[in-house]
Amino acid sequence: VDGGGAYGVANSVVANCTLKNNTAAYGGGGAIGAILINCLVINNSVLGVPGYGVTAVGGGADACTLKGCIITGNYALSAGGGTAYGLLKNCAVTGNSAGTEAGGAYYGTLVNCTVTRNVSLSPTYDYGGGVYFASLTNCIVYANQEPFPSAAASNYYQCTFSFSCSSPLPGGSGNISANPQLLADGVHLAATSVCIGAGSASIISGTDIDGQPWNNPPSMGCDEWQPAPVIGAQPTFQMGSPAS
53 VDGGGAYGVA NSVVANCTLK NNTAAYGGGG AIGAILINCL VINNSVLGVP GYGVTAVGGG
113 ADACTLKGCI ITGNYALSAG GGTAYGLLKN CAVTGNSAGT EAGGAYYGTL VNCTVTRNVS
173 LSPTYDYGGG VYFASLTNCI VYANQEPFPS AAASNYYQCT FSFSCSSPLP GGSGNISANP
233 QLLADGVHLA ATSVCIGAGS ASIISGTDID GQPWNNPPSM GCDEWQPAPV IGAQPTFQMG
293 SPAS
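Sequential numbering from 53 applies to the sequence shown in our numbering.
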């Protein structure tokens, strides 16, 4: 019914895990009601119950707290392809889809998150390809899509922004609408991005999506640009086959 991969009770914590290819009927294809830390939430779905008209939300996660997570490739029959009713900090929500509202995040609070390349599939409703009725601080919401012919709804619908980057320019303090200049992965910032140093330091916590510290002031989005490359693991020597 709920929580295809993880069903959270009493502040259950799931850390450093991959939740992949899970399915639920009503909410949380990947997880529901859990605290997810440094997790990959990928290719999960909520599909509803045929013939019952049940609202299916949170393809990746429903009513979860997510910190430093990547939420990608998830699907919700109704709303919130990536997440629904969640608290997200330092997360990337990319490449998710929903049947009606918010391919990325449906309701919830997002801090230092990047929401890109999400899709709302409904051609008849103006409900936002990226985020719907969410509160966002230090975020990037860009390059999301929906078939309804409204430029504003492609990225967001009825959301509250502060120190964030989206288009068209949302109301609120410190917001910008310029191209954030994301790299090809849709998550990391180019060295010339206008989002570098444009966030607010009053609300940051933890580290960025790569485990690097936030600058003061921080960047918008989940990535803090640093001049040094990120080394995910120490290099190893591997012997290959002899050349023929």
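No residue lacks a Cβ here, since even glycine has one placed at the ideal position from N, Cα and C. Computed from a predicted structure; not experimentally measured.
With a cut-off of 8 Å on the beta carbons, I'd call residue i and residue j a contact; round off their distance for me.
i	j	result
N96	N68	Not confirmed; about 17 Å, so no contact.
C116	A86	5 Å
T212	L188	7 Å
N196	N207	5 Å
V9	L88	For the chain, the structure presents residues 53 to 296; residue 9 sits outside this window and is missing.
A144	V239	5 Å
N126	G133	6 Å
G224	A136	In fact, because the Cβ distance is near 23 Å, the residues do not count as touching under 8 Å.
Assuming residue i is part of the beta strand (DSSP E), what are its boundary residues?
i	result
V167	T166 to T168
Y194	I192 to Y194
I94	L92 to I94
V163	T161 to V163
G67	The question names Gly, yet the displayed sequence has Ala at residue 67. Segment V65 to A67, the beta strand (DSSP E) holding A67.
S214	T212 to S214
T70	T70 to K72
Here's a check: name, in chain order, each residue in its chain whose Cβ is nearer than 6 Å to the Cβ of residue i, leaving out the five neighbours to either side.
i	result
T124	I94, T146 and G147
Y209	Y179, G180 and Y184
G82	G57, L71, N74, V93, N96, G112 and A113
T161	L139 and S187
R169	T146, G147, A195 and G238
G182	G156, V167, N170, V193, N196, N207 and Y208
I122	L92 and A144
P222	F213
By Cβ distance below 8 Å, which residues in the same chain neighbour residue i in space, the five residues on each side in sequence not counted?
i	result
A250	F215, C217, G226, I228, P269, S271 and M272
P294	At P294, the pLDDT of 48 sits below 50, so the modelled position is not reliable; the number obtained from the coordinates is stated separately. Around P294: no qualifying Cβ.
I256	V163, N164, N190, W266 and P270
A253	W266, N268, P269 and P270
I84	D54, G55, A58, Y59, G60, A76, G110, A113, D114, A115 and C116
Going by DSSP, what residues sit across from residue i in a beta bridge?
i	result
Y127	S97 and S149
L118	L88 and L140
D18	No information on residue 18 is available, as it lies outside the stretch 53 to 296 that the chain covers here.
V171	S149 and Q197
I228	C217
Y59	I84
V109	G79 and A131
A157	T135 and V183
Y208	V183
L235	According to DSSP, which records beta bridges pairwise, L235 is partnered with nothing at all.
T189	V163 and S214
Only counting the same chain, and skipping five residues up and downstream in sequence, which positions put a Cβ closer than 7 Å to that of residue i?
i	result
A244	One point to set straight first is that residue 244 is Thr, not Ala, in the sequence displayed. Only Q233 meet the Cβ criterion.
G258	K119, G120, K141 and N142
N63	I87
Y177	T152 and F200
Q278	Q264
P175	P199 and F200
I248	L241, S271 and W277
C274	N142, C143, A144, N164, C165, T166, V239, D260 and I261
Counting only beta-carbon separations shorter than 8 Å, does residue i have a partner in chain D?
i	result
S257	No chain D is present in this structure, which holds just one protein chain.
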